[in-house]
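Residue 373, in the numbering used here, is where the sequence shown stops; the numbers in between run on with no holes. Just so it is clear, CB atoms sit at the ideal spot from N, CA and C, and this is done for glycine as well. Here the structure is laid out as structure tokens; the discussion comes afterwards.
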Amino acid sequence: MALRYKTWKWRRTATIISIFLLVFGIEFLSHFFQAWTWERLSCPSGSSCKRLLFVADPQILGEHDEPNWITIWDNDRYLRRTFSLATSHVQPDAVVYLGDLMDEGNRADDFEFERYVKRFFNIFPLNPKIETLFLPGDNDIGGENGDPILPSIVQRFRQIFHKKTELVVGLCHIIKINPVLESISQLSSNQLSSDKSIRIAVSHFPLMGMSTPFTEKILRNFQPHLIFSAHSHLSRLRGPSMKSPSALLGRLGPVQFDCLNRTKEHDHDGGWKSIADVHEIEVPTCSYRMGVADMGFGFALIDETRREFQYVVLWLPSRLKHLKLYMVAGIVFMLFTLWWCLCGYGKSHKYNSINHQS
């Protein structure tokens, strides 16, 4: 009897230790190990650099399409933890949110929207020392698949996420562009003629993928050196000679700004009448709920002295793989528990039979 008790106690202890190691490895070690693998972009000696962090399509879950509070809690916690690691790694001068901040922002009533906003800033807390710029996406204000864009919804978003349409960080002039609303802030001739200004356009929707009068106007009037966009949930690069975007998995740069933004006035395959030699970088989603295998944050290092930039994606651990591992571990645990119970029952039955015979 004492031997059976010791065996049961050992199995219980081993099970508890195994569960602890599994949870600790998934919830802590995997995140810190992933952050340890992130590439560090260093500012060259003697240069003045600005560090920009891009957050694309977090789409915090709504209460209608995902009523399970455990799923919402897990997704919020994943975003909060990975964003904290990213800001610690980058030490950004500015954070740009490239739209689709919420999954049901355009469908939420005022009370739901207020709750979503509270959750959003709990996940992505504001730092007064870091500049921020928020872009609306189609899930925030509508505009895709026939969803109407209501002025009241647009105004509600602007009241919470600032009316700021541009951001100046050192020599970097970051301007917010919305192809759906066809809005762009007015620039002075001094800003455009300045040789020192590094002009960066940011948009939720990719700009180089659409040839419209509005996007033509952007290239002519704003003359961006670099474009950052989102929406596709993928990490992709559109270059001046590319007919379609290509996957961007590794490090980009350093790229000289002086080699960019040379306007060409002739027809192009995509229907453009004028197009700039400009790179457009599509930043991947940072949410594991978007149906893509790879998630991450965008990190750009702008060297104002050498007038060049580097860019890399801070890839995130796969939460779906973690959840599958939990499921497999749960099944294995239940099978072992069943096996232990059956073995214990068999030994107990055999022991009772022997005693009965004797």
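Per DSSP, reduced to three states, the secondary structure at Q271 is strand. Ranked by Cα distance from F243, the first of P82, L100, G313 is G313. A distance below 6 Å between beta-carbons, with the five flanking residues on each side excluded, links H337 to the following residues of its chain, in chain order: I41. When the beta-carbon positions are compared, L267 and Y326 come within less than 8 Å of each other. Rounded to the nearest angstrom, the Cβ distance from S45 to P332 is 5 Å, consistent with a contact under 8 Å.
As DSSP reads the structure, F43 sits in no beta bridge.
Burial state of I233 is buried, judged by a 10 Å Cβ sphere holding 16 or more other Cβ atoms. Note on geometry: alpha-carbon atoms of F176 and T28 lie some 50 Å from one another.
Out of R322, V38, G311, K339, the CA that lies nearest to the CA of T52 is found in G311.
As computed with DSSP, V110 is found in a beta bridge with L68, T147. Per DSSP, F126 lies in no beta strand (DSSP E); the unbroken alpha helix (DSSP H) holding it starts and ends at 125-138. Around the CB of F47, fewer than 16 other CB atoms lie within 10 Å, so the residue is classed as exposed. Under the DSSP definition of a beta bridge, Y303 lacks any partner. Its chain contains H219, F220 as the residues whose beta carbon lies nearer than 6 Å to that of H246, once the 5 sequence neighbours on both sides are disregarded; these appear in chain order. Exposure of Q106 is indicated by the presence of fewer than 16 other C-beta atoms within 10 angstroms of its C-beta.
The three-state reading of DSSP puts F312 in strand, counting E and B together. D309 has its alpha-carbon roughly 21 Å from the corresponding atom of M342.
A Cβ-Cβ distance of about 5 Å is found for the pair V184 and K65, placing them in contact under the 8 Å criterion.
The DSSP-derived three-state label of M349 is helix.
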